[in-house]
Structure formats: C-alpha cells, structure tokens
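Novice:
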Amino acid sequence: MQLQDVLYVGRGTKEVLFRSKDPNNPAEFYFNSSPAHHTYPTVKLDFKESKGR
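Position one of the sequence shown corresponds to residue -10 (the working numbering), numbered consecutively onward.
Okay, here's the thing in structure tokens:
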C-alpha cells in the first residue's frame, strides 16, 4: 500500500496481517472501525486513482 491508500476489510474477515517492507523504517497504519450491517467484499482503493485527490 502507498500513502493515503485505503483497504476496506469486509465483514466476516477472520485475519488481517500488515507488515513493513523495511523493518528499519516501519510503516505506520491508521485504523478506523465501525459495525458492519451488510457483507461487502474486501477491496483496496488507490489514492492516486481517486477523483477527490
């Protein structure tokens, strides 16, 4: 993932693993969580391809 990319993890996902490419320069991840009332697939959204950049 790149700066400002988004990963939506769908309801029911059992495990998510993040790791840095370079352990000497660890990545920072920010998480936001809220209840899911419907099931949607996991999807990655690239900031560079978004309309609102």
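Idealized CB from N, CA, C, for every residue including glycine.
Could you give the residue range of the beta strand (DSSP E) that holds Val32?
Specialist: Note, Val32: beta strand (DSSP E), Val32 to Leu34.
Novice: Taking the alpha carbon of Thr2 as the point to measure from, which residue in Ser9, Lys40 and Tyr29 has its own alpha carbon closest?
Specialist: The shortest Cα separation from Thr2 among Ser9, Lys40 and Tyr29 belongs to Tyr29.
Novice: Considering only DSSP beta bridges, list what Val(-5) is partnered with.
Specialist: Val(-5) pairs with Leu34.
Novice: Which same chain residues, not among the five before or five after Lys10, have their C-beta less than 8 Å away from its C-beta?
Specialist: Excluding positions up to five away in sequence, the list reads Ala16.
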